[in-house]
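> This structure is in structure tokens; I'll ask about it shortly.
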Amino acid sequence: MDLVARENEILRLLNIVSKSGIDFIVVGGYAVSAHAKHRFSVDCDLVAKASDLRSLGVLLEKEGFDKRIENDKFDDTYGGRFIRYVKKINELPVSIDLLINSLVCRQTGGSWSYDYVSANSVDAYVPGIQESVRAKIPTKELLMAFKLHSGRRPDVRDVVMLGEEADWKAVLDHMNRGSPKELKSNLKRFIESLEDKRLIDSLKGEFTLHGDVGPRIRRSTEQVQKILDELDEKTEHESSSPRNRGKRPKVIASGGFNSELPSWL
Numbered sequence: 000m001d002l003v004a005r006e007n008e009i010l011r012l013l014n015i016v017s018k019s020g021i022d023f024i025v026v027g028g029y030a031v032s033a034h035a036k037h038r039f040s041v042d043c044d045l046v047a048k049a050s051d052l053r054s055l056g057v058l059l060e061k062e063g064f065d066k067r068i069e070n071d072k073f074d075d076t077y078g079g080r081f082i083r084y085v086k087k088i089n090e091l092p093v094s095i096d097l098l099i100n101s102l103v104c105r106q107t108g109g110s111w112s113y114d115y116v117s118a119n120s121v122d123a124y125v126p127g128i129q130e131s132v133r134a135k136i137p138t139k140e141l142l143m144a145f146k147l148h149s150g151r152r153p154d155v156r157d158v159v160m161l162g163e164e165a166d167w168k169a170v171l172d173h174m175n176r177g178s179p180k181e182l183k184s185n186l187k188r189f190i191e192s193l194e195d196k197r198l199i200d201s202l203k204g205e206f207t208l209h210g211d212v213g214p215r216i217r218r219s220t221e222q223v224q225k226i227l228d229e230l231d232e233k234t235e236h237e238s239s240s241p242r243n244r245g246k247r248p249k250v251i252a253s254g255g256f257n258s259e260l261p262s263w264l
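Note that numbering that gives the first Met the number 0 numbers the sequence shown so that position 178 is 177, with each residue one more than the last.
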């Protein structure tokens with residue numbers, strides 16, 4: 000029951016912030032639960048505007064959360080900032096991570112501004128075992144782009160769950176930012192993780208799935224491979240262009256694979 004109590008505290012807090020009128024977007028595991036299938040998480044990631052930072056801090060502290068980590072200038076592109084607030088529930092922690100002004104991937108340098116995330120978000124019910132709350136979350140495709148950039152093991156499971164009926168072309172459009180080289184390297188590791196036989200039990204355990212999940216994993220593997228192939232083709236074309244021959248590859252800050260391409264926190 001400790002997990003349920005901690006989850007309830009996060010959903011309670013989200014409801015309070017929502018009623019306060021402060022703008023925020025839920026990303027990470029809670030957004031995955033809203034789009035796919037419930038999974039437990041005892042930390043919640045919120046993208047928020049710098050202009051709301053003081054109000055958010057006051058509200059969180061009023062609700063018993065203490066500031067633990069603050070990282071200034073996390074995102075050179077958008078001047079992003081990361082702050083973690085923590086509260087104990089039955090002596091165990093729950094945390095709220097505030098991503099101020101942007102969401103950033105440390106591995107690839109990919110960055111999405113608050114305005115970009117907000118423009119590509121929807122209102123949805125964020126479910127828990129006992130409670131739920133209505134909040135703004137990224138579209139399925141943008142959330143997948145975050146996770147394909149990040150490439151951690153939980154991200155691999157999440158992409159498999161989110162990938163069903165997703166618009167993979169839109170995923171690619173959202174991914175077009177950061178270092179193409181690092182992004183492609185991440186995607187190769189991502190495919191290796193998708194092909195790891197241990198993923199089947201891991202996926203079933205995390206999302207309490209039954210039956211054969213192999214076809215779902217294979218479909219995701221095929222789509223991620225297509226994205227990698229397309230990125231390879233684009234970078235090869237750009238490097239062979241007379242205008243770009245001999246130049247070092249660009250790190251793309253924002254919009255198309257010569258316009259925009261975060262581990263994210």
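For each residue, glycine too, the CB sits at the ideal point set by N, CA and C. What you are looking at is a predicted structure, and each value in this text was computed from that prediction instead of being measured.
Restricting to Cα atoms, I'd like to know which of D231, L142, C104 is closest to G27.
By 1-based counting over the sequence shown, the position of residue 27 is 28. Nearest C-alpha to G27: L142.
> Does DSSP put I9 in a helix, in a strand, or in coil?
Counting from 1 along the sequence shown, the entry for residue 9 is found at position 10. Helix.
> Looking at G127: is its Cβ nearer than 9 angstroms to the Cβ of L182?
Within the sequence shown, numbered from 1, the residue matching residue 127 stands at position 128. Within the sequence shown, numbered from 1, the residue matching residue 182 stands at position 183. It is not a contact, given that the beta carbons lie outside the stated cut-off.
> Around the Cβ of G150, are there at least 16 other Cβ atoms within 10 angstroms (buried) or fewer (exposed)?
Stepping through the sequence shown from its first residue, residue 150 is reached at position 151. It is buried - the Cβ of G150 has at least 16 other Cβ atoms within 10 Å.
> Out of curiosity, what's the CA-to-CA distance linking S17 and E235?
Here the question's residue 17 lines up with position 18 in the sequence shown. Here the question's residue 235 lines up with position 236 in the sequence shown. For S17 and E235, the distance between alpha carbons rounds to 46 angstroms.
> Do you know how far the Cα of E140 is from the Cα of L193?
Here residue 193 refers to the residue found at position 194 when the sequence shown is read from its first residue. Here residue 140 refers to the residue found at position 141 when the sequence shown is read from its first residue. When rounded, the distance between both Cα atoms is 18 angstroms.
> Give me whichever residues DSSP pairs with P153 in a beta bridge.
What you label residue 153 is simply residue 154 of the sequence shown in a count that begins at 1. The partner list for P153 (beta bridge, DSSP) is empty, contrary to what the question assumes.
> Do you know how far the Cα of R215 is from the Cα of E164?
The count along the sequence shown starts at 1 and reaches residue 164 at position 165. The count along the sequence shown starts at 1 and reaches residue 215 at position 216. E164 and R215: Cα-Cα distance of roughly 11 angstroms.
> For the segment 47-66 against the segment 165-184, do three or more pairs of beta-carbon atoms, one drawn from each stretch, fall closer than 8 angstroms, so that the two count as touching?
Cβ pair count under 8 angstroms is below three, so no.
> Which one of V116, R217, L55 has the shortest CA to CA distance from R156?
Translated into the one-based positions of the sequence shown, residue 156 becomes position 157. Comparing Cα-Cα distances from R156 to each of V116, R217, L55, the minimum goes to R217.
> Pick helix, strand or coil for I15, following the three-state DSSP scheme.
As a first step, residue 15 is located in the sequence shown; it is residue number 16 there, counting from the start. Correct three-state label for I15: helix.
> Taking P179 as the reference, give the member of E69, E205, R5, K233 with the closest Cα.
The residue given as residue 179 occupies position 180 in the sequence shown. It is K233.
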